[in-house]
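So in the numbering used here, spot 194 of the sequence shown is number 221, and the numbers just go up one at a time. Below: the structure, in structure tokens.
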Amino acid sequence: MYTGKTRNLGVMGWPIAHSLSPVLQNAAIEEAGLDYAYVALPVEPLKLPAAVEGLRALQFRGFNVTIPHKSAIMPLLDGIDEDARIIGAVNTVVNEDGFLRGYNTDAAGFIHALQDTGFEVAGKQVCVLGAGGAARAVLWALAKHGAARVSIGVRNPEKAKPLVELFRKYVEIEAFHWESEAFLGRLADAGLLVNTTPLGMHPHVDDMPPVRLSCLGKDAFVYDIIYTPAETRLLREAASLGHPVLNGEGMLAGQGAAAFRLWTGVDADVKLMEKVLREYLEVDR
Ligand code: NAP
């Protein structure tokens, strides 16, 4: 039951009706027996400064930030955590007595889901497909956890140059056309292949990035951060070749769990969050 003492949390975005965060956060709140409520907050781009000040005035404990506000919100906050600064996007804000600090929990979500399988990134050669917003969080997680070398495969390597420049001080990194001979060589050396493109995402479930999986190192792990469908064509083909695979559900639940911990100081039940997400996605489809 909500009372006068219930603390408020939410997610701001535009549009926001599709957001899965209320489902997973409210499930975690209930499971932990905490007195918080989490709501969806539709915020038009031009209203972002007013919305941030409004949540500060309303003494929200914190909120998530999603498309299109993840970068635009940064100058409106009082402090930015290192992960968010390097990734260049905020997905979580914590309100400490009126001081709003921005965090990015995507990198933590990505790495925790991978570590949960027993996979160790340190010392591994990694191929990453795509160089958009999600790739930034993935690259930072890989750099922070000691990947030996990262090779980005994209349709337009020129466009990936700023990302390579940004991350080269943290990890050995290069970008290639994903069908080039050079990239095929990197696939052969890779211990981990990560897809950060939307290719294969619902409803275009027959798509997949044009990588030659037969060139991939024999025991390489294949991680697709897409979570709808649960098994993309890339994962299906990789699994049929005997590669261990992982989808994006754990990353999504993991970024939510990391935000939950920042607001409440309590560890969320990540497996419950994953289960609730999957059930919700199945019914919602
Ligand atoms: P994005 O910023 O649009 O970037 C996507 C990347 O994919 C870019 O490098 C883009 O290349 C490439 N790409 C897009 N469409 C392509 C196409 N038709 N052919 C070839 N390359 C294409 O997207 P994003 O925000 O990074 O998100 C990417 C995916 O990650 C989405 O499926 C999203 O659902 C998923 N995601 C999952 C989680 C999670 O928690 N599991 C979190 C965040 C995102 P160009 O620059 O050349 O267009």
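Glycine included, every Cβ here is placed at the ideal spot set by N, Cα and C.
1) Our contact map puts Tyr65 next to Pro76 with C-beta atoms below 8 Å; I'd like the distance itself, whole angstroms only.
2) Report all residues for which the CB-ligand distance to some heavy atom of the ligand NAP is below 6 Å; order them along the chain.
3) For the putative contact between Gly277 and Glu301, defined by C-beta atoms under 8 Å, what is the C-beta separation to the nearest angstrom?
4) Looking only at C-alpha atoms, which of Ile94, Leu273, Val303 and Ala285 sits nearest to Gly145?
5) Tell whether a beta-carbon distance below 8 Å holds between Gly180 and Val221.
6) Kindly list the residues whose CB is nearer than 7 Å to the CB of Ile56, restricted to its own chain and excluding five residues on each side of it in sequence; keep chain order.
7) State the CB to CB distance for the pair Val198 and Val177, rounded to an integer number of angstroms; the pair is presumed to be in contact (CB under 8 Å).
8) Mind pulling the beta strand (DSSP E) runs of 3 or more residues that sit fully within the segment 126-186?
9) Is Ala215 helix, strand or coil when you go by DSSP?
10) Please list, in chain order, all residues of the same chain as Asp110 whose beta carbon is under 6 Å from its beta carbon, the five residues on each side excluded.
11) Consult DSSP for Met39 and reduce its assignment to one of helix, strand or coil.
12) What is the DSSP secondary structure of Thr119, counted as helix, strand or coil?
13) Compute the distance between the beta-carbons of Ala280 and Val293, then report whether it is under 8 Å.
14) With DSSP run on the structure shown, which of helix, strand or coil describes Ala44?
The short version:
1) Taking the first residue of the sequence shown as position 1, residue 65 is located at position 38. Taking the first residue of the sequence shown as position 1, residue 76 is located at position 49. Not really, about 23 Å apart at Cβ, beyond 8 Å.
2) Going by the Cβ distance cut-off, the answer is Asp133, Gly136, Gly157, Ala158, Gly159, Gly160, Ala161, Ala162, Val181, Arg182, Asn183, Lys186, Thr223, Thr224, Pro225, Leu226, Met228, Ile252, Ile253, Tyr254, Gly275, Met278, Leu279 and Gln282.
3) Here residue 277 refers to the residue found at position 250 when the sequence shown is read from its first residue. Here residue 301 refers to the residue found at position 274 when the sequence shown is read from its first residue. Between the beta-carbon of Gly277 and that of Glu301 there is about 6 Å, and that keeps the pair under the 8 Å contact cut.
4) Translated into positions along the sequence shown, residue 145 becomes position 118. Here the closest residue by C-alpha is Leu273.
5) The count along the sequence shown starts at 1 and reaches residue 180 at position 153. The count along the sequence shown starts at 1 and reaches residue 221 at position 194. Not in contact: Gly180 and Val221 (Cβ atoms no closer than 8 Å).
6) As a position in the sequence shown, residue 56 is number 29, starting the count at 1. Only Tyr63 and Tyr65 meet the Cβ criterion.
7) Residue mapping note: residue 198 aligns to position 171 of the sequence shown, counting from 1. Residue mapping note: residue 177 aligns to position 150 of the sequence shown, counting from 1. Contact holds; Cβ gap of about 6 Å.
8) Segments of the beta strand (DSSP E) lying fully in the segment 126-186: 126-130, 152-156 and 176-181.
9) Taking the first residue of the sequence shown as position 1, residue 215 is located at position 188. Three-state DSSP puts Ala215 in a helix.
10) For this step, residue 110 is matched to residue 83 along the sequence shown. If the five residues before and after Asp110 are omitted, its C-beta is found closer than 6 Å to the C-beta atoms of Asn131 and Ala134, all from its own chain and listed in chain order.
11) In the sequence shown, the residue the question calls residue 39 occupies position 12. It is a strand residue.
12) Translated into positions along the sequence shown, residue 119 becomes position 92. In the structure shown, Thr119 falls within a strand segment according to DSSP collapsed to helix, strand and coil.
13) Stepping through the sequence shown from its first residue, residue 280 is reached at position 253. Stepping through the sequence shown from its first residue, residue 293 is reached at position 266. Going by C-beta atoms, Ala280 is not nearer than 8 Å to Val293.
14) In the sequence shown, counting from the first residue as 1, residue 44 sits at position 17. It is coil, neither helix nor strand.
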